[in-house]
Amino acid sequence: MRIEPLTNWLDERLSISTLTKLADKKEVPLHRHSIWYYFGGMTLFLFVVQVTTGILLLLYYRPSAENAFESVQFIITEVKFGWLIRSIHSWSANLMIATLFIHMFSVFFLRAYHKPRELTWVSGVLLLFIVICFGFSGYLLPWNKLAFFATKVGTEIAGVVPVIGHPVLRFLRGGDDVTGATLTRFFGFHVAVLPATATVFLGVHVALVQLHGMHVPKKYEHNYRRMKFFPNFIMRDLIGWILAIGVLAALAAIFPWELGEKADAFAPAPAGIKPEWYFLFMFQTLKWLPAKILGMDGEVLGIMAFNIIAALLFVVPFIDRDPANRRKHLIFNIIGIVAVVYIVVMTIVGYVAK
Amino acid sequence: MIWSAPAERSDDGALDKRMSQPTWKRYGTNSQCLCGSLCLCGELPCDNIHHRDTEITQRHGGFGLIALVVMVLTIATSAAAQQKNSCIDCHAKLDDPRISAPAKLFDKDIHKARGLMCNDCHGGDPNATTAEAAHDVRKGYLGKPKTLDIPAYCGKCHSDANLMKRFNPSLRVDQESEYYTSVHGRLLKEKGETRVATCISCHSVHGIRAPSDPLSSVYPSNVATTCAKCHASADYMKPFGIPTNQFDNYKLSVHAKALYDKQDLSAPTCNDCHGNHGATPPGIASVANVCGQCHARQAELFQTSPHKKAFDDKQLGECITCHGNHAIPKPGDQMIGTQQGALCINCHTAGDKGFVAAGAMRARIDDLIASIDKSTAILNLAERKGMEVSKPKFELKGATDALTHARVLIHSSSTTEVDKVIEPGMDVANKGYQAGVGALAELSFRRKGLAISLLFILFLATLVYLKIRQIEARQQQTDIG
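Line by line, the protein sequences are chains A and B.
FYI, in the numbering used here the residues of the first sequence are 2 to 355.
FYI, in the numbering used here the residues of the second sequence are 409 to 889.
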């Protein structure tokens with residue numbers, strides 16, 4: 002069957018040849034650190050998995066305190082391959098946050114945020130926070146005991162911030178306590194507000210990456226080879242994505258994501274309650290902070306510090322502007338390494354701590 | 409301390425029960441008025457919204473500013489004076505612990521908390537400065553009551569419904585009359601036996617706490633110890649010729665374990681079966697009614713069972729013949745059946761109707777237990793392997809409920825009745841088992857599906873890899889060319 006007439010027809014209307022020419026021209030630098038280029042694509046792929054599985058879950062999920070738990074139970078016990086979809090959604094969410102962290106730190110250490118890529122970095126940091134919000138809101142949706150109390154603790158932490166803390170807490174919970182109203186609004190955030198925001202910033206982020214091309218570290222600026230983006234790089238990406246599907250399927254089949262017990266507001270909080278792993282380092286830090294630091298509430302100070310660090314992440318490209326400044330390079334590397342070590346150690350400590 | 413008294417006192421200092429005027433207020437034991445209206449007249453009632461004697465109010469109306477100034481200057485000394493009570497002050501300082509202890513203990517007494525003082529029971533004058541004046545019989549001094557008089561002494565207030573409802577409207581007022589129906593009361597009243605328990609033996613004296621106070625001697629978890637003070641003492645009980653092992657036996661019982669180990673205050677202790685003020689041993693005929701207060705269904709079934717007539721004919725205590733009385737063990741399935749150790753074979757012999765029924769009921773119960781265990785095991789296995797089986801596990805509770813019901817129904821001694829709940833229980837247990845089998849089959853399907861999927865995924869990845877190599881080889885040739 003000849004497809005030429007069809008492609009010509011589409012080209013006349015959509016100017017596809019412009020895109021294929023662009024794709025043909027687009028190249029990916031090849032050097033010692035090219036491996037890190039794959040993590041952005043992997044994160045994007047896992048996001049697509051999230052959207053797809055999320056839409057399928059929406060067919061059966063019912064967002065109310067009375068029905069949420071039962072509907073998830075129905076999905077994983079009665080719906081054909083519902084268990085697989087739900088487990089992949091949960092595992093993929095966690096893997097996506099992991100690849101996102103790797104992607105962010107690789108960009109940080111390779112200093113890929115220098116001019117003209119400052120806004121690419123800023124949109125990326127925004128996407129990081131959006132994804133974390135996805136995780137926080139999605140965790141509550143099965144309405145099980147662990148999620149209920151983790152949300153209670155999580156929103157309480159937000160509530161201790163001076164001045165805005167209490168209004169934020171009430172906004173997040175839809176009242177003073179975690180109730181069905183909280184579940185309804187978390188569902189709204191998770192399936193409407195966050196996906197819409199993520200799509201916008203993802204579009205901006207990917208468009209900026211295409212606009213500026215892949216960054217080449219200064220060290221290899223005059224000494225690197227090139228690989229065609231299409232089909233060489235994209236096909237390598239494809240291998241990674243196919244293998245990711247395999248990993249997700251294996252995790253879902255061997256370690257299906259637990260549902261636990263239905264949330265009960267009147268039941269005592271389970272012992273040793275912990276948040277998701279990506280919040281553990283902050284949770285452990287807050288646990289270790291003394292009650293009072295210089296006469297101020299230790300927990301409040303800790304939360305303020307994390308907020309300041311989050312704000313500083315946005316302005317990294319505007320502080321470290323000179324790619325030739327070796328001294329600043331060294332300081333940023335040390336900060337980055339300390340941050341990675343801190344996150345890894347505190348996450349492990351938080352995981353094993355009772 | 410401000411406190412409310414429900415009745416005015418008469419000249420002799422005792423509570424005047426005829427008084428039915430609205431509540432008035434006073435401070436400490438001093439009759440001097442020191443209410444918020446700054447009246448220092450020392451008479452009652454004063455010019456206060458709570459006080460209704462307008463005549464006295466009018467007399468005091470002219471104090472005005474002078475009273476205010478005097479009040480401010482004397483407030484400290486007055487306050488100290490109002491707290492004075494010569495009974496407490498003197499007795500607390502005495503060396504003899506028999507007469508100093510009451511003054512010290514009384515601080516925690518419920519009566520004091522409700523505003524009563526020494527003279528409300530013992531009479532006398534708490535404002536007097538000498539022992540003679542305080543103990544003046546003309547002021548109603550009664551002193552220490554005799555043992556024989558104690559029930560009536562307490563009953564003076566506690567049997568008066570009008571008086572008691574001012575303190576606690578829900579409190580019973582029949583304790584005294586009930587007491588005289590008890591073995592204790594009858595011995596006291598009819599034989600003048602003063603070694604029996606009276607009010608103060610159980611409730612203590614001068615340090616009396618509300619029964620709801622965990623430190624009270626009649627708080628549920630303290631009742632048995634209180635009774636055991638006398639009933640576990642071989643010497644004390646010798647003249648009465650009754651056993652003293654009840655407390656030791658009770659401590660071995662399922663009821664004591666619930667009360668002491670699980671802190672279940674609804675678990676029965678001495679008074680729940682024997683009564684409290686009307687304490688008496690239940691007779692053979694009434695023991696089933698005693699147990700039936702809590703174990704109503706079992707008692708009801710027993711009444712309709714063939715055992716009822718047999719037990720009556722043989723003059724056997726209904727519940728206690730199988731379960732014992734004070735040392736009631738936790739009932740178990742081993743109690744029923746025809747095997748060694750079963751209670752049924754104490755009366756039934758091989759071949760009789762009861763023997764056959766006991767064996768059949770035990771077999772049915774064992775079948776259901778085995779079925780539940782089998783289902784639980786397979787569901788737990790599926791759960792450990794990551795399968796979601798919370799729903800069938802929850803539904804399996806229906807079988808456990810049926811088992812509990814069957815264990816109750818054995819009191820009917822009817823195999824047919826037991827079967828009526830065993831059969832549905834078996835169905836539920838079998839469904840649970842099938843759910844477990846299904847979950848494991850699903851797990852096996854998933855594992856196989858995963859293996860096939862992974863093979864396909866690896867094959868696909870290899871294909872893409874080979875395609876890349878092919879493309880790049882072609883590109884290299886083009887570059888060289």
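Beta carbons: idealized from backbone N, C-alpha and C, even for Gly.
- The continuous beta strand (DSSP E) containing Met228(A) extends over residues 226–229.
- Looking from the CA of Leu260(A), the closest CA among Leu7(A), Ile17(A), Phe70(A), Thr54(A) belongs to Phe70(A).
- Taking 9 angstroms as the cut-off, the Cβ atoms of Lys665(B) and Ala632(B) do not count as close.
- If you check the CB distance, Phe102(A) and Tyr279(A) come in under 9 angstroms.
- Taking C-alpha positions only, Val29(A) is separated from Asp238(A) by approximately 12 angstroms.
- Assignment of alpha helix (DSSP H) within the segment 193–222 of chain A, counting only whole runs of 4 or more residues, yields 195–213 in chain order.
- Chain-order list of chain B residues neighbouring Leu244(A): Ile865, Ala869, by C-beta distance under 8 angstroms.
- In the structure shown, the three-state DSSP call for Asn145(A) is strand.
- Residues of chain B with a Cβ closer than 8 angstroms to the Cβ of Leu57(A) do not exist, since the nearest Cβ in that chain sits about 17 angstroms away.
- Under the three-state reduction of DSSP, Glu28(A) is assigned to strand.
- For Gly857(B), a Cβ of chain A is located within less than 9 angstroms of the residue's own Cβ.
- When the five nearest sequence neighbours on each side are left out, no beta carbon in the same chain lies closer than 7 angstroms to the beta carbon of Ala306(A).
- Closer than 7 angstroms at the C-beta level to chain B, one finds these residues of the segment 245–259 of chain A: Ile246, Gly247, Ala250, Ala251, Ala254, Phe256, Pro257.
- With respect to chain A, the C-beta atom of Tyr841(B) has no partner C-beta closer than 9 angstroms.
- Taking 9 angstroms as the threshold, the shortest C-beta distance from Gly833(B) to chain A does not fall below it.
- Met43(A) carries a helical assignment under DSSP once its states are collapsed to helix, strand and coil.
- Those residues of the segment 224–238 of chain A placed with their C-beta closer than 7 angstroms to a C-beta in chain B are Pro232, Asn233, Met236, Arg237, ordered along the chain.
- Judged by DSSP in its simplified three-state form, Met645(B) adopts helix.
- Within chain A, the residues placing a beta-carbon under 8 angstroms from that of Val872(B) are Met236, Leu239, Ile240, Ile243, ordered along the chain.
- The DSSP-derived three-state label of Met525(B) is coil.
- Remark: C-beta atoms of Ser567(B) and Val581(B) approach each other more closely than 9 angstroms.
- Fewer than three pairs of CB atoms, one per stretch, sit closer than 8 angstroms, so the segment 140–148 of chain A makes no contact with the segment 327–347 of chain A.
- The beta carbon of Leu45(A) sits no closer than 9 angstroms to any beta carbon of chain B.
- Two segments are said to touch when three or more pairs of C-beta atoms, one from each, lie closer than 8 angstroms; by this definition the segment 738–745 of chain B touches the segment 761–769 of chain B.
- For a Cβ distance threshold of 8 angstroms, residue set Glu796, Ser798, Lys799 of chain B lies close to Gln74(A), ordered along the chain.
- A check of alpha carbon separations from Ala605(B) across Thr555(B), Leu579(B), Gly563(B) identifies Thr555(B) as the nearest.
- For Ile294(A), the secondary structure class from DSSP, reduced to helix, strand or coil, is strand.
- Taking a cut-off of 8 angstroms on C-beta distances, the segment 297–305 of chain A touches the segment 156–168 of chain A, as three or more cross pairs fall below it.
- Ala843(B) is classed as buried because its beta carbon has at least 16 other beta carbons within 10 Å across all chains shown.
- Under the 9 angstroms criterion on CB atoms, Ser861(B) is classed as interfacial with respect to chain A.
- Going by beta carbons, Arg772(B) and Asp827(B) fall inside the 9 angstroms limit.
- From the beta-carbon of Thr78(A), the residues of chain B found nearer than 7 angstroms are Glu796, Lys799.
- Distance from the CA of Thr823(B) to the CA of Ser852(B), rounded to the nearest whole angstrom, comes to 42 angstroms.
- With 16 or more neighbouring CB atoms inside 10 Å of its own CB, Val126(A) falls in the buried class.
- Of the candidates Asn657(B), Glu708(B), Ser820(B), Thr886(B), the residue whose Cα lies closest to the Cα of Pro737(B) is Asn657(B).
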